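If you're matching them up, the sequences are chains A and B in order.
Read the first sequence against this note's numbering and you will find it ends at 367, with the numbers running on by one and no gaps.
Read the second sequence against this note's numbering and you will find it ends at 367, with the numbers running on by one and no gaps.
Idealized CB from N, CA, C, for every residue including glycine.
Predicted, not measured: the structure shown is a model, and the values here were computed from it.
Worksheet: one structure, shown below.
2 protein chains.
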Amino acid sequence: MELSERKLKILQAIISDYIKTAEPVGSRTLSKQEGLSYSPATIRNEMADLEEMGYLTHPHTSAGRVPSDKAYRLYVNELMAKSELSKEEKAIIANRLHDTTVDFDETIKHAASLLSEITNLTSFAMTPKKNEDVIKYINLLPVDEETVVMMIVSESGKVSNRALKMSVPYTEDKLDLLSKTMTYNYKGKTVSQALTNNIIANFETDVVAMSGMAEDVMPNFMKTLEEMLNVNLYMDGLSNIFDIPEYSDVAKARSFIEMMTQKEEMTKKLIERDDGILITIGDENKDSELSDVSLITASYSVDGKLVGKIGVIGPTRMRYSKITSIMEYLTDNLSGSFKLESGDADEDQASEDPEETQNDESREDS
Amino acid sequence: MELSERKLKILQAIISDYIKTAEPVGSRTLSKQEGLSYSPATIRNEMADLEEMGYLTHPHTSAGRVPSDKAYRLYVNELMAKSELSKEEKAIIANRLHDTTVDFDETIKHAASLLSEITNLTSFAMTPKKNEDVIKYINLLPVDEETVVMMIVSESGKVSNRALKMSVPYTEDKLDLLSKTMTYNYKGKTVSQALTNNIIANFETDVVAMSGMAEDVMPNFMKTLEEMLNVNLYMDGLSNIFDIPEYSDVAKARSFIEMMTQKEEMTKKLIERDDGILITIGDENKDSELSDVSLITASYSVDGKLVGKIGVIGPTRMRYSKITSIMEYLTDNLSGSFKLESGDADEDQASEDPEETQNDESREDS
DNA sequence: ATTAGCACTCGCACCGTTGGAGTGCTAATC
DNA sequence: GATTAGCACTCCAACGGTGCGAGTGCTAAT
């Protein structure tokens, strides 16, 4: 069967209505709608066809129709109007995002809470992967007789440090020499190169003169590098999940919250997803906990290299166009602000040209 | 009316039974219990008295009795047997806690997840307040032409750092001089002193020679100090809250999760609580979200000074004695391990003398 | 003072009923 | 041939009634 023009129109109306009301929509209400000048009976026939084609379902015989995941997919791919944020909305986002802080992680965290606040959904934001971050500088500083602090500075401006106990006495001179040797050996390497490459071996022979200091330092160096690779996952609006009718079933809500609070697993799942804006609807999600919701992720970049992600989880009947617009603007802004921070910025963050709405059907803002 | 010996015995039996079964307990089941050799009728009379006195309630006429908050309070204060952990249990906790990591925050986080895993409750753990932490060392290090890294090292071994942009060119010599001046001025001060005292004013005049470098550095110094004061709150087992029947009401579960995920507010509430082991039961909690649950917090110390807290939230019918024992052991262990890390440790962590159980009634282990 | 006995209460689970919303089908209409 | 009006039908959700079981409160006997 073909998806005629009229079928599409009806399907779109059903989806829009259902997104607004969350109620199964019947033929009568549809026929009263602006632009749909067919009788309920006609619409019923079309709906029956659409159901046969898999775009609609039927909670029970005497209920209205509900869009299926397939319908949302069609909607997102083809029917959806790309909504443009108003100047005011953009201003709010930009202001809130650059509020006070300049700290990397802090900004990302901010982005997550901002996103959940605007959308009323559960949101999260991931700090960038730093595998590609380049080591610039390694420094060892005395603290007291047996303690020194190691710090690693990367090109992106990230500083990691760690206090460590020395099992052998040290002098400032030796410490300094060791710092310089390490910097010489690792400068310009990426963090993951430093971790995997076997520089340590031939390096240790070099510094055997330092009477065991390297043995104290190197393991900590490796640990610190590993820590630099850790990505943080921030989350907000967790309780918004209860707005979704499916999750008024406590067992489901529980397993959802369980999944979300497993940060390591969640991080892994998010990293695996493709970059750019990616929408997965209902059963398209691999996790059974997500089979009733949609997941939208968007990636941002720093210097076009390190890539982090933000995302939202909400009901399949969410305002896709509005939300993707918000996320798009947000990631543009994030990528922009990190470019700035890294020093060599050109100022053109988040291009402002108001690329007008092309598709004018299906307003879905409340 | 007086709380006779027999009333106490019955009350205790009711509480124990209810903690186990979560079902209202009736007179018949009680009379069949070991040690309670009274007829159901007698027990019913006593129960009626206990209810009048406020220790029991009645979900409805034809249901068994349920202990009130007042009853749990009595139980915790007087009836409860102090349970001692077995050697095995202690070993498990100690091992898991000192697993791999030596990092401060990491250990606390570990403690939270360990606690929730053992108790099957929602748990949290707070890193110590660091107001009293003493500044040891301030260092400014060059990164590139316009970027320097500032690091602050404290007596407790904590290192904080921050990368900052300089608006004026700097030389390494000047940077070094500034580091030394700052260290000279702040060494030995606590973090909160450094923040509140007005050293900055007369300090800035000192270094006017440094042609504005101080203007770039000082605000960042203050911010970093502020950051050092931040306490982190880790949480685990959030979804365990769904085990509590009261929270199968979605609205309640929602507001609970909302409360818990407001980390700043939660932190404040926890800090306000008295130190030591503190149990608050049901309506004793100020927050309405907690009026159906009990909250147990315990504090740990580092060098007897900096104080953090761990805690659990669970049903009022929880195994108080077991759980307080676990928390006691855990905090002892935490305090002990931080003493070690700070360097000048005497080795006596978590005193091991097996102070035997004094009270032998009411076993409440499953 | 304790206990046995019994009437009573109440929640819960299980019907059967009713009403309304919405469908599917058929026959009439454009 | 496509559209529509009409109508019988289905199903859910809400409501009220009923029976059962657990547990109480009271009274009278021990």
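Identified DSSP bridge partners for Val150(A)
Looking at the DSSP assignment, Val150(A) forms a beta bridge with Leu142(A), Ala164(A).
I need the straight-line Cα distance from Asn78(A) to Thr298(A), nearest angstrom please.
If you take the alpha carbons of Asn78(A) and Thr298(A), they lie about 16 Å apart.
Is it right to say Arg318(B) is buried, meaning 16 or more other beta carbons lie within 10 angstroms of its own, or is it exposed?
Classification for Arg318(B): buried.
Residues from the region 141-174 of chain B in contact with chain A, defined by Cβ distance under 8 Å
Hits within the stretch, in order: Leu142, Val144, Asp145, Glu147, Thr148, Val150, Met152, Val154, Gly158, Lys159, Val160, Asn162, Arg163, Ala164, Lys166.
Compute the Euclidean distance between the alpha carbons of Arg45(A) and Lys33(A), then round it to the nearest angstrom.
About 13 Å.
Report yes if the CB atom of Tyr187(A) is closer than 8 Å to the CB atom of Val144(B), and no otherwise.
Contact flag unset, no.
Below 8 Å, how does it come out for the region 148-164 of chain A and the region 146-164 of chain B: are there three or more Cβ pairs, yes or no?
Because the criterion of three Cβ pairs below 8 Å is met, the region 148-164 of chain A and the region 146-164 of chain B touch.
Please name the residue or residues paired with Thr58(B) in a DSSP beta bridge.
Partner residues in the beta bridge of Thr58(B), as assigned by DSSP, are Val67(B).
Could you give the distance in angstroms between the alpha-carbon of Leu51(A) and the alpha-carbon of Leu31(A)?
Between the alpha carbons of Leu51(A) and Leu31(A) lies a distance of about 15 Å.
Could you check whether the Cβ of Phe222(B) sits closer than 8 Å to any Cβ belonging to chain A?
No, Phe222(B) does not count as interfacial toward chain A.
Could you list which residues in chain B have their beta carbon closer than 7 Å to that of Tyr138(A), in chain order?
Think of a sphere of 7 Å around the beta carbon of Tyr138(A): the chain B residues whose beta carbon falls inside it are Val144, in chain order.
Just to make sure I have the definition right: I need the residues of chain A whose C-beta is within less than 8 Å of the C-beta of Ala254(B). Which are they?
Within chain A, the residues near Ala254(B) are Phe243, Val251, Ala254.
Please list, in chain order, the chain A residues whose beta carbon lies closer than 9 Å to that of Leu307(B).
What Leu307(B) touches in chain A: nothing, since even the nearest Cβ is about 16 Å away.
Sort Tyr73(A), Ala42(A), Ser38(A) by Cα distance to Ser17(A) and report the nearest one.
It is Tyr73(A) whose Cα lies nearest to the Cα of Ser17(A).
Taking only beta-carbon positions, decide if Ser240(B) is within less than 8 Å of chain A.
Yes, its Cβ sits closer than 8 Å to a Cβ of chain A.
By how many angstroms is the C-alpha of Gly213(A) removed from the C-alpha of Ile258(A)?
Each residue's Cα considered, the two are about 48 Å apart.
Any Cβ of chain B within less than 8 Å of the Cβ of Thr262(A)?
With 8 Å as the cut-off, Thr262(A) counts as an interface residue toward chain B.
Taking the alpha-carbon of Thr281(A) as reference, which of Ala49(A), Thr262(A), Gly315(A) has the nearest alpha-carbon?
Nearest C-alpha to Thr281(A): Gly315(A).
How many angstroms separate the CA atom of Thr184(B) from the CA atom of Lys310(A)?
So the alpha carbons of these two residues sit roughly 40 Å apart.
Output the boundary residues of the beta strand (DSSP E) element that contains Met236(B).
For Met236(B), the enclosing beta strand (DSSP E) has its first and last residue at 234-237.
Give the residues of chain B in contact with Glu259(A), contact being defined as C-beta atoms less than 7 Å apart.
Within 7 Å Cβ-Cβ: Ser240.
Minimum C-alpha distance to Val308(B) - residue among Leu335(B), Tyr321(B), Ser295(B):
The candidate whose alpha carbon is nearest that of Val308(B) is Leu335(B).
On the premise that Ile242(A) lies in contact with Thr120(A), defined as a C-beta separation below 8 Å, what is that separation, rounded to the nearest angstrom?
Taking 8 Å as the upper bound for CB-CB distance, Thr120(A) and Ile242(A) are not in contact here, some 12 Å apart.
Could you say which of Glu133(A), Ile136(A), Ala112(A), Asn132(A) lies nearest to Ala126(A) if we only look at CA atoms?
In terms of CA proximity to Ala126(A), Ala112(A) leads the group Glu133(A), Ile136(A), Ala112(A), Asn132(A).
Taking the beta carbon of Ala14(A) as the centre, do at least 16 other beta carbons fall within 10 Å, making it buried, or is it exposed?
Buried is the call here.
Is the distance from the Cβ of Asn233(B) to the Cβ of Asp106(B) below 8 Å?
Yes, the Cβ-Cβ distance between Asn233(B) and Asp106(B) is below 8 Å.
Please determine, among Leu9(A), Lys181(A), Val154(A), the residue with the shortest C-alpha to C-alpha distance to Thr148(B).
Ranking the options by Cα distance to Thr148(B), first place goes to Val154(A).
Within 10 angstroms of its Cβ, does Ala254(B) collect 16 or more other Cβ (buried), or is it exposed?
It counts as buried.
Look up Ser117(A) in the DSSP assignment and say whether it is helix, strand or coil.
Three-state result, Ser117(A): helix.
Between which two residues does the alpha helix (DSSP H) harbouring Ile20(B) extend?
Start and end: 6-22.
Relative to the C-alpha of Gly283(B), which residue among Asp293(B), Gly277(B), Ser289(B) is closest?
Closest in C-alpha terms to Gly283(B), from the list Asp293(B), Gly277(B), Ser289(B), comes Asp293(B).
By alpha-carbon positions, which one of Leu75(B), Lys83(B), Leu116(B) ends up nearest to Ile93(B)?
When only C-alpha atoms are compared, the closest one is Leu116(B).
In whole angstroms, give me the CA-to-CA distance for Ala95(A) and Tyr330(A).
Counting only the Cα atoms, Tyr330(A) lies some 9 Å from Ala95(A).
Just to confirm before moving on: does the CB-CB distance between Met260(A) and Asp288(A) stay below 8 Å?
Yes. Within cutoff.
Nearest by alpha-carbon distance to Arg97(B): which of Ser5(B), Thr108(B), Ser40(B), Leu12(B) is it?
It is Thr108(B) whose Cα lies nearest to the Cα of Arg97(B).
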